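Inspection log for the structure reproduced underneath, given as structure tokens.
Chains as they are written, first to last, in this note's numbering: chain Y, 11 to 934; chain F, 203 to 578.
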């Protein structure tokens, strides 16, 4: 460029380069203009406190996307971000200045004021987006109380910062876009989740009275140009301009002129705070010109250009800046991601398609062809057949579409339509992949170690101090009693750090007590954990907020149902009830789409555990209960069909699932029915009861389902019997059915395993009718089948307590009465035993017994003295085994001499009730 | 070589055509097409009656500079029409995909009418569509009398479209047997149709293109070979965007059908229609209307057309066996039949939906009971 050109650049004063933040076309133009004008200093819109951090941008370890993070020193939760991507005009300007050894300065209002603004003006300022989120979320957060607030606050601050920094589409775009949310929202058909929506709209801001006068300058310009979509207009006019040999200043002049006209018409566009910021920019600009001469370039949002050109007096500007609130702040670079630059990422810096913009910025020429080739490459890598011919057709379609729509070049919309119609065969599924990987992109920024500490580290240090938990390299164990406040706080901190991947403490098995109020941790602070903390800095500025954001992100990205359930448990442990709502949603979604009943059945117990745990802690677990109940319903519906056609292993697994669900349903029904005094939950009781009823119906249908494997059917009968939901006669009938000669012996043995396995021995001891059935069947098994059946039976019976085994053995040896012989037993109406004791026969034994035992006055001899003795102990020791085990073991008063037949009948009734009680008591 | 293949019937009076029970698009909207052609000063691809812009306007509706109002033919995303028109302009074949009732045929007819002024070059695809319907057949009397000759050859609509540079249409492409489908490959890639019996070929004239419609979610369809698929640009026509729009469509069609079947009008039908549409939309979309719960989707298509048939049969039930009012019980069986196509998997989907969504929903108790009874 010639000297004269350079001179011209400064003719009307400083070189004002009005840009749109994150606009690749703007960035390219800025570079061209700076190359041509070669200013003595570059001024950039951004917090002046960050001036000291600019040299770090030359560090090769600092790789965009990165963000400047400003946070209040005494309150790390109050923060703001200024993200920079490689294609951000500001970043280009910084790099240009560093490469050419030219001083670069930030000139926006200091962050010390902008961060304080939020708290000073709790009412929603009609000003720029940047302060809105803060004030918008502020109220709710305060109401929620300090602890809960911090997460919310960071988020607000983040969104705010993002806005602030890039002012979303630029003060050509973003600011210009004014309320931002408005147009964007309209364009995306109300798709929210956008930063602006979250930032501005979350608060009352979107509906503030001041909003009506707020202008979207870009929309006004676009409308004048005949575009219905302001974004697209800006893209066509500015961003899609390729590198040209045209006058490098012309586009800026045109934009400035257009903005000038707008500012004339609309003034500050309904954002008075901009006036204050612009006053500060003018002051800084004056200082710079004093220092470096007239050859100064300013890179700022296009919206501000007219204001910087305005002739005002220093005193007038100073007056505007007087009395601004202040807060002590600190700044640093933090790594950023493309996803975060995209609106869908949550924080949102105001662009939908960072990947596409980066491509536009980097592509030397033929951006559409290159882009579609990249898309084809991605699809090929995912095993879709995409030929070069496809790409050619896609390019043609995109170009013709652009012509049809009257655009100079195909934009993202046209290329996406072309990709969908040609490369994806009309399907949106591969298109989603393209959007995720390319349009947004998985780019992660990096920050050198020399960057100042992130606020997360600061927050962690503060918490460590207040909880008196010093980071030590030496490994040690820590016992926490969660009933104490400090220990509970420590536990929460450690759990939160674990969520963030900072493995300072690992939970260890408690040595002494198994109570839920104790936790044991193994602590060890490794130096690289500091790096982990820095990495976790992307998630938030406080441990709590970061853990919450991380948990929410994990929940949405988790693939397995069990992962989400585990996350729910972790959230409860870490005391993150806000994250729990997101996790629960993810859980409900996964559960709805998971077709494997096994997964659902696995997830249910953990969820119910969380529910009870939450209840104990007094957290509101309404959402959790709802999800758990929904999950249970899905299991109920899916379980019977899933039981068909299983092999032995799968059947065993299914039996385990049935057991787990049974326990879980018991607990869940109780949890739903439990807190009757809670207001607004009047229907809970019936819900809980209904749940149990429906589960019983499922068990009943399972027990009768021929297609279900024997072990599952047997278990279903057993569970029903234990619950008192099945009369013993009915159980006996079902057992008779299962053991009838028509059933193959192996299947019958499996039924026995399901029915009598896992503590079912007591049942056989006390219901001799069942034992008789079993005995009769076993003696009837043909010799050739016996060897097949033996391992199954052995497995079933070897699991019994030795005492139970002995009792059973003795019962069998004694023989259940006269008609105990195999075939004969089956013929009887109630096989095995007489309905009533044969007293005549019993009397006949008495003289001999009396002779044996000596002259005892007791007329009622104990027929099996060895039996009951070993029966007593297993009760409490059986902690983990099934409810029924307790019940049955407690039921008979050992040693009470009884007539065998009467005893059975008596036991049966007693058995029923105790069963019930014990089940209800399992969870308490 | 040129060949006159246009049937003489096409010469009949245009007014007669407009009197037909269902006039072709180019006759029904002749005035609009003429107005568009008169105003259209944009470049037109070879043998197009209108420029691509004008074609898009014809389909999407609008007002011309002279005040002529063009009625919208397709109400839906603008993008769809733009991509479709552009595809035709770039000389690629267009495949319109969608479940029944998404106006595939309607769009294809109007596109052909606007681009070529003739929507009648149509091959209706069925399981019995022979190769002759796509290539050419023979007039056997002439063939036997005079031997193979041009005169004995009976061209297919596709062949005629190629010779004249027109737009051919193939309806229900996926119902055509796979080997017959593949005859299109040469036509679409080489743009020529060899006639080996005569040692000749028919080369496509500029302006020839092909619009196919297909239903990819139905049972009993023949998937396109990937070789053929590659030669199409695909546009998926979406289902009605909002529940209200769909309720509207269903109500209107049900009324029409009801009249022709002489069913008495149901006074309170709208509530049940809304319910049917809600159930269909929720199961189809895999998410509840409030967007809070995800659902599994059954294997059936659950198209709007099926919703219409569920309501109509419900009305018939109510009229003949009930008290004339459409009640939940009348539609329950129909819904069950539409949803549960696969007795194992779909039944689970349906029961989950019943138990987790319908049971809890306010005002749906009767429907829930009716469905439980129907499903038992």
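Quick reminder that beta carbons are idealized off the backbone N, C-alpha and C, glycines included.
Computed from a prediction, not measured in an experiment: that's the story for all the values here.
Helix, strand or coil at residue i according to DSSP, with G and I counted as helix
| i | result |
| --- | --- |
| residue 381(Y) | helix |
| residue 636(Y) | helix |
| residue 566(F) | coil |
| residue 516(Y) | strand |
| residue 1(Y) | In the structure as shown, chain Y begins at 11 and stops at 934. Residue 1(Y) is therefore absent and cannot be evaluated. |
| residue 300(Y) | helix |
| residue 297(F) | strand |
| residue 456(Y) | strand |
| residue 259(Y) | coil |
| residue 387(F) | helix |
| residue 275(F) | coil |
Outcome for residue i when other beta-carbon atoms lying within 10 angstroms are tallied against a minimum of 16
| i | result |
| --- | --- |
| residue 413(F) | buried |
| residue 153(Y) | Only weak support is given to the placement of residue 153(Y): the predicted model assigns it a pLDDT of 32, under 50, and the value that follows is read from those uncertain coordinates. Its Cβ having fewer than 16 others within 10 Å, residue 153(Y) is exposed. |
| residue 96(Y) | buried |
| residue 332(Y) | exposed |
| residue 527(Y) | exposed |
| residue 244(F) | exposed |
| residue 523(F) | exposed |
| residue 606(Y) | exposed |
| residue 560(Y) | buried |
| residue 425(Y) | buried |
| residue 65(Y) | exposed |
| residue 328(Y) | exposed |
| residue 60(Y) | buried |
| residue 603(Y) | exposed |
Where residue i meets chain Y, residues with beta-carbon distance less than 7 Å
| i | result |
| --- | --- |
| residue 558(F) | 640, 643, 644 |
| residue 431(F) | 435 |
| residue 299(F) | 436 |
| residue 447(F) | Chain Y residues near residue 447(F): none, gap ~15 Å exceeds 7 Å. |
| residue 428(F) | 395 |
Identified DSSP bridge partners for residue i
| i | result |
| --- | --- |
| residue 82(Y) | 85(Y), 339(Y) |
| residue 412(F) | 370(F) |
| residue 311(Y) | 29(Y) |
| residue 404(F) | 395(F) |
| residue 321(Y) | For residue 321(Y), which the question treats as bridged, DSSP gives no partner whatsoever. |
| residue 529(Y) | 490(Y) |
| residue 477(Y) | None, per the DSSP bridge assignment. |
| residue 355(F) | 340(F) |
| residue 230(Y) | Beta-bridge pairing links residue 230(Y) to no other residue. |
Closer than 9 Å at the beta carbon, the chain Y residues around residue i
| i | result |
| --- | --- |
| residue 496(F) | 598, 599, 600, 601, 602, 603 |
| residue 415(F) | The premise fails here: residue 415(F) is roughly 12 Å from chain Y at the closest Cβ pair, so nothing lies under 9 Å. |
| residue 258(F) | 414 |
| residue 404(F) | Here the premise fails: no neighbours, minimum Cβ distance about 24 Å. |
Partner residues on chain F for residue i, Cβ-Cβ distance less than 7 Å
| i | result |
| --- | --- |
| residue 418(Y) | Going along chain F, no residue has its Cβ under 7 Å from residue 418(Y), so there is no contact; the nearest lies around 16 Å. |
| residue 427(Y) | 281, 285 |
Per-residue contacts from residue i into chain Y (C-beta, under 8 Å)
| i | result |
| --- | --- |
| residue 255(F) | 414 |
| residue 291(F) | 410, 414 |
| residue 435(F) | 403, 407, 431, 432 |
Within chain F, partners of residue i - CB distance below 8 Å
| i | result |
| --- | --- |
| residue 411(Y) | 284, 285, 288 |
| residue 651(Y) | 546, 549, 550 |
Listed by chain order, chain F residues near residue i by CB distance under 9 Å
| i | result |
| --- | --- |
| residue 648(Y) | 550, 553, 554 |
Any non-hydrogen atom of the ligand GDP closer than 7 Å to residue i Cβ
| i | result |
| --- | --- |
| residue 310(F) | With respect to small molecules bound, the structure shown includes none, and the ligand GDP cannot be examined in it. |
Complete alpha helix (DSSP H) runs within the region 536 to 560 of chain F (minimum length 4 residues, chain order): Within the region 536 to 560 of chain F, the complete alpha helix (DSSP H) runs of at least 4 residues are 547 to 555.
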